[in-house]
Amino acid sequence: MSLLVVGNIAYDTIGDVHFLPDRNQATAVEKLVLSNGGCAGNVAVAANNLGVETALYSAVGNDFKESGYLKQLVDLGVNTSFLQYIDDLTARSFIFTDSEERQQIYYYPGASASLSDKKFDCRGFSHVHFTAGEISVYKSLMRRAGEAGCVVSFDPGQEMFHRHIRDEIISCLPYASYLFFNEYEARHILNETGADDIHVFFSEKTKAIVVSKGERGASLYLRDKTVEVPAVKTRVVKDPTGAGDAHRAGFLAGIIKGYCEEVACKVGAVVSSFVIQEKGTQTSLPTWDEMKKVYLQYFGELKK
């Protein structure tokens, strides 16, 4: 069982600030970390670390060829043969977090905006996960993944706030078995569509919708019930950046390994608890065995 992750690969600049400024204001950056990131990259690396055979379908700049990021992916065993090299810079994310863990994100798409649907080949993969990225081609890719018998999942992430909701987000939802939002994204899509319940986004294929809520855990919406999954408490929270991607990777690893949605969501909670304890989205990731030890402490024995 294997996973193809579609979306952006980016270099992250992560900063701590005392407060997030309004327009025409400035604030000092108290700490700055440069790291490898991008939603697709984060999910692929985390899932790979959990023992899932993983590949990336992304567009990157020619600068990526000589980067330490590519070497890291190759060394970890992530399949990079589906990467598309574009005559542009690899995407950049600038992420600033205040003392209350609220964030502002500035994103330069660069090469990722040139992702082509013409080279897509998901044969040999059991699951295809779509992250933030060039969503304009996702509907076509999702349809082809479904026709190939792949289980499709979708986490639009930050694309929710600068894309046309109905044409580019809503139109993709019927192709996905699993949908992921954070609570701000869920509130935004409800407001933009006039819907009053997240269940309206269930389609014939939908098995579950996961809405993550930071330190308050996640809501797992199934067809017949809603399950509240608590967050795994940690002694320190250094940076929430990448926690959502880690949660998705853990959830998908659980599903791919044959666990039910509720157990998979708990696996996601454990995996994300590792990430927030260090700066950088890929610097503190558990193996499956390391995840199981923490899972046992918080949720009991891991059972299918």
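Start counting the sequence shown at 651; every next residue gets the next number (this note's numbering). Cβ coordinates follow ideal geometry from the N, Cα and C atoms, glycine included.
Please confirm whether residue i and residue j have their CB atoms less than 9 angstroms apart.
| i | j | result |
| --- | --- | --- |
| Phe831 | Ser862 | yes |
| Ala919 | Pro880 | yes |
| Val802 | Ala782 | no |
| Ala741 | Gly718 | no |
| Ile906 | Leu653 | yes |
| Phe901 | Cys915 | yes |
| Ala709 | Leu733 | yes |
| Phe851 | Ile839 | yes |
| Cys822 | Ala798 | no |
| Arg816 | Thr843 | yes |
| Asp666 | Asp748 | yes |
| Gly894 | Gln932 | no |
Assuming residue i and residue j are in contact, meaning their beta carbons sit under 8 angstroms apart, how far apart are those beta carbons, in whole angstroms?
| i | j | result |
| --- | --- | --- |
| Gly688 | Asn658 | 4 angstroms |
| Ser934 | Thr884 | With 8 angstroms as the limit, Ser934 and Thr884 do not qualify as a contact, their Cβ atoms being about 10 angstroms apart. |
| Ala696 | Ala896 | 5 angstroms |
| Cys800 | Phe775 | 6 angstroms |
| Glu912 | Leu870 | 6 angstroms |
| Val882 | Tyr948 | 5 angstroms |
Do you know how far the Cα of residue j is from the Cα of residue i?
| i | j | result |
| --- | --- | --- |
| Gly691 | Ala903 | 15 angstroms |
| Ser762 | His779 | 16 angstroms |
| Ser786 | Tyr707 | 15 angstroms |
| Asp805 | Leu829 | 6 angstroms |
| Asn698 | Asn674 | 43 angstroms |
| Ile736 | Glu716 | 14 angstroms |
| Arg873 | Gln753 | 32 angstroms |
| Gly727 | Glu865 | 32 angstroms |
| Gly950 | Lys942 | 9 angstroms |
| Tyr788 | Ile820 | 11 angstroms |
| Ala868 | Glu878 | 6 angstroms |
| Ala660 | Leu739 | 10 angstroms |
| Glu751 | Leu720 | 30 angstroms |
Skipping 5 residues on each side, what residues in its chain have a beta carbon closer than 6 angstroms to that of residue i?
| i | result |
| --- | --- |
| Val887 | Ile926 |
| Ser685 | Asp662 and Gly930 |
| Phe744 | Thr663 and Tyr756 |
Does the CB of residue i have a neighbour CB from chain D at under 9 angstroms?
| i | result |
| --- | --- |
| Glu940 | Looking at the structure shown, chain D is missing, and only one protein chain is on hand. |
Run through DSSP, which three-state label would residue i get?
| i | result |
| --- | --- |
| Val693 | helix |
| Ile905 | helix |
| Ala709 | strand |
| Thr781 | coil |
| Ser764 | helix |
| Thr876 | strand |
| Thr663 | strand |
| Gly687 | strand |
| Ile859 | strand |
| Arg793 | helix |
| Phe746 | strand |
Can you list, in chain order, the residues of its chain whose CB lies under 7 angstroms from that of residue i, leaving out five sequence neighbours each side?
| i | result |
| --- | --- |
| Gly796 | Val802 and Tyr825 |
| Gly908 | Lys954 |
Does the distance between the C-beta of residue i and the nearest non-hydrogen atom of the ligand GDP fall short of 8 angstroms?
| i | result |
| --- | --- |
| Lys715 | Ligands are entirely absent from the displayed structure, and the ligand GDP is therefore not among its contents. |
Kindly list the residues whose CB is nearer than 8 angstroms to the CB of residue i, restricted to its own chain and excluding five residues on each side of it in sequence; keep chain order.
| i | result |
| --- | --- |
| Pro936 | Asn699, Leu700, Val920, Val921, Phe924 and Val944 |
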